[in-house]
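Only one structure is covered here, and it is reproduced in the block below.
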Amino acid sequence: MPLELVTVPCLKDNYAYLVHDAETGETALIDAPEAGAIAAVLEDKGWTLSHVLLTHHHWDHIDGLTDLLKDHPAKVIGAKIDAHRLPPLDRAVVEGDTLIIGSEAIQVIDVSGHTIGHIAFYFPESKLAFTADSLMALGCGRLFEGTPDQMFDSLSKLATLPADTMICSGHEYTQSNGKFALTIDPDNPALISRMRQVQTAREQGEATVPSMLSEELATNPFLRCNDPGIKASVGMIDAQPSAVFAEIRKRKDNF
Numbered sequence: 001m002p003l004e005l006v007t008v009p010c011l012k013d014n015y016a017y018l019v020h021d022a023e024t025g026e027t028a029l030i031d032a033p034e035a036g037a038i039a040a041v042l043e044d045k046g047w048t049l050s051h052v053l054l055t056h057h058h059w060d061h062i063d064g065l066t067d068l069l070k071d072h073p074a075k076v077i078g079a080k081i082d083a084h085r086l087p088p089l090d091r092a093v094v095e096g097d098t099l100i101i102g103s104e105a106i107q108v109i110d111v112s113g114h115t116i117g118h119i120a121f122y123f124p125e126s127k128l129a130f131t132a133d134s135l136m137a138l139g140c141g142r143l144f145e146g147t148p149d150q151m152f153d154s155l156s157k158l159a160t161l162p163a164d165t166m167i168c169s170g171h172e173y174t175q176s177n178g179k180f181a182l183t184i185d186p187d188n189p190a191l192i193s194r195m196r197q198v199q200t201a202r203e204q205g206e207a208t209v210p211s212m213l214s215e216e217l218a219t220n221p222f223l224r225c226n227d228p229g230i231k232a233s234v235g236m237i238d239a240q241p242s243a244v245f246a247e248i249r250k251r252k253d254n255f
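Per the UniProt record's numbering: the sequence shown = residues 1 to 255.
Written out as structure tokens, the structure is:
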């Protein structure tokens, strides 16, 4: 059976995620922005935390971990290359490693770009990908450490996952990402329709993540860098997709 997923709003606009295996009782947390919100869900559900999966070292993804572990001890897993700036790890992983959560085998994917050593966790049976600040709803993370080519390669990996994969990203940035996307892809009916839905959801105080990968492939300009309309929009008809990505990312940085 697929694992049960709970999206946990944290801080101002962050998300953590809990996945629970009812058969084994194991529960994994993906990122720990703040302890209180996560602990409240664990207590409400009666779940025992067994694993914490960290995507990258930024404070708003790890600062809640120390307080959380005081009452909810668990095995902490993160990227080997990032171990020197993550909380103490029980297991350091690299791309291609497999984790076992409950009865499911989890794949580790290097998605460097936003940071070097950023990783994503893919749960193939449950059709979940925890991408944090790499692939985001209608966008991608700012390149604080990596290059455009690195981020393009990372997003290209994620784009090859099954289209019915749920993309569990780390922030409620969808509305602002979508406003930018419309400047790049203004005539895309799928994007226009999605933005109407996003606006309604936000007006009602609802989360806009997770999102389906199929939605991202149809509407996220950072995954559509080979689309002739987008190439024309940025004046790069004959350019390679990686170069188009770099131009779109530069425009987003200045949006």
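Glycine residues also receive a C-beta, built at the ideal position from the N, C-alpha and C atoms. What you are looking at is a predicted structure, and each value in this text was computed from that prediction instead of being measured.
Of the candidates I248, L217, F255, the residue whose Cα lies closest to the Cα of A232 is I248. Within the same chain, Cβ atoms closer than 7 Å to the Cβ of M195 are found at G178, L182, the five residues on either side in sequence being excluded. Taking the C-beta atoms as reference points, L53 is found nearer than 8 Å to I30. DSSP places T7 within a strand segment (E or B) once states are collapsed to three. Secondary structure at F152: helix, using DSSP grouped into helix, strand and coil. Rounded to the nearest whole angstrom, the CA to CA distance from E125 to I109 is 16 Å. Taken atom to atom, the span from the alpha-carbon of L11 to that of E145 is near 23 Å. Cα atoms of D238 and L69: separation of roughly 52 Å, rounded to the nearest angstrom.
Looking at the DSSP output, A28 sits in a beta bridge with V19, H51.
Close CB contacts of L5 within its chain, under the 6 Å cut and outside five residues either way in sequence, are with V19 (chain order).
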